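Note that the UniProt record's numbering gives residue 16 to position 16 of the sequence shown, counting from 1, and the numbers run on in steps of one.
All C-beta atoms in this analysis are idealised placements derived from N, C-alpha and C, irrespective of residue type, glycine included.
None of these values were measured; they are calculated from a predicted model.
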Amino acid sequence: MKILVCSVLFHFAFANADRSIYMKMKLNSGVNIALSPMQELHSASALECGILCASNLCCFTAVFKKNDLICNLYDIHLRMFRTTQEASVFIYPPWETWQMNTKWSEIFLTMHVAGGNIANYYDVSLETCQEKCLNRYKCISIDYHTNDGTCRCNKRSRLTTPEDYEWDSNTALYRELLCKFK
């Protein structure tokens, strides 16, 4: 299977400001995502699907299904997902755009996401842990232990891999990045 990655610049003129947004597209890659989209729209092309995603501040991933002319918009970062089906296009904004439009979820006590760690930090505060995650490419959630200041930055979340969301210990805290406009 041939995968072609391209970047497209979209420029929007809003009433209060102009905004340019780059979207990256993986063409002919195909994806199989078990999550329900926040919005499913009819779209004539991958470019139109990218424009629909770029115009929605909470769209962090879009999938254009070429055979059905359907554009699925997701409000969580799905770049980690494996591509398995043909005849679809995987679209996502650059990391910097995603960072600007996120906020931290509530704190979940005694829970964590097993696996998917991309970085560990020791003897840090919860605030520092959150900052490390936000500035780390692909980090979408954290596991933090209050007893020793251990911070685990994850490329998975309870939404992307619910089967890996489990009890940890009495000192564990879990948070994930969500759209700040919801």
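Helix, strand or coil at residue i [DSSP, three-state]
i	result
Leu134	helix
Ser141	strand
Ala172	strand
Thr97	helix
Thr128	helix
residue 185	The displayed coordinates of the chain run from 1 to 182. Any statement about residue 185 would go beyond what the structure contains.
Ser47	Here the sequence assigns Leu to residue 47, which means Ser is not the residue at that position. Three-state result, Leu47: helix.
Thr83	Residue confidence for Thr83 is low, a pLDDT of 48 falling below 50, so the modelled location carries little weight; the figure read from the coordinates is stated next. In the structure shown, Thr83 sits in coil (DSSP, three-state: anything other than H, G, I, E or B).
Glu163	helix
Lys66	coil
Short CB-CB distance (under 8 Å) between residue i and chain D
i	result
Trp98	Reference to chain D is not applicable here, since this structure consists of a single protein chain.
Sequence-distant residues of its chain with Cβ nearer than 7 Å to residue i (five each side left out)
i	result
Gln99	Leu134
Leu167	What sits at residue 167 in the sequence shown is Trp, not Leu. The residues are Thr110 and Met111.
Phe64	Ser43, Ala46, Cys49, Cys71, Ser88, Val89 and Ile91
Gln39	Leu73
residue 186	With the chain covering only 1 through 182, there is no way to say anything about residue 186.
Thr146	Thr171 and Leu173
According to DSSP, residues forming a beta bridge with residue i
i	result
Cys53	The partner list for Cys53 (beta bridge, DSSP) is empty, contrary to what the question assumes.
Phe60	None; Phe60 has no bridge partner.
His77	According to DSSP, which records beta bridges pairwise, His77 is partnered with nothing at all.
Glu40	Asn72
Ala119	Cys153
Leu178	Lys103
Contacting residues, own chain, Cβ-Cβ under 6 Å from residue i (five flanking each side not counted)
i	result
Tyr121	Lys132 and Cys151
Leu78	Thr61
Ser157	Ile140, Ser141 and Glu176
Phe181	Leu57 and Cys58
8 Å Cβ shell around residue i - same chain, five flanking residues per side excluded
i	result
Trp104	Gln130, Arg175, Glu176, Leu177 and Leu178
Thr128	Tyr121 and Cys151
For residue j and residue i, believed in contact at Cβ under 8 Å, the rounded distance
i	j	result
Cys153	Asn117	7 Å
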